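Participant:
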Amino acid sequence: MEKAGIRCEIQGRPKNFYSIHKKMLRDHKSLSEIYDLLAIRVLVDTVKD
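The numbers in the working numbering rise by one with no breaks, and the one at position 47 of the sequence shown is 177.
1. Who pairs with residue 139 in a beta bridge, going by DSSP?
2. Does the distance from the CB of residue 162 to the CB of residue 154 come in under 8 Å?
3. In angstroms, rounded to a whole number, what distance separates the CA positions of residue 167 and residue 151?
4. According to DSSP, residue 168 sits in a beta bridge with which residue or residues?
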């Protein structure tokens, strides 16, 4: 992003256990089959960015 001249802030957090559990039940998957255990947010100044 920096090389492209876009100012941004990147935030990350672990997803909460309840959301992971709901996905496991909904999709009939085990924990080892769930790959999105982290959430990442990229904040930019404008929609165009």
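Built from N, CA and C at the ideal position, the CB exists for glycine as well. Nothing here was measured: the structure is a model prediction, and the numbers come from that model.
Facilitator: Looking at the atomic coordinates:
1. 173
2. no
3. 11 Å
4. 144
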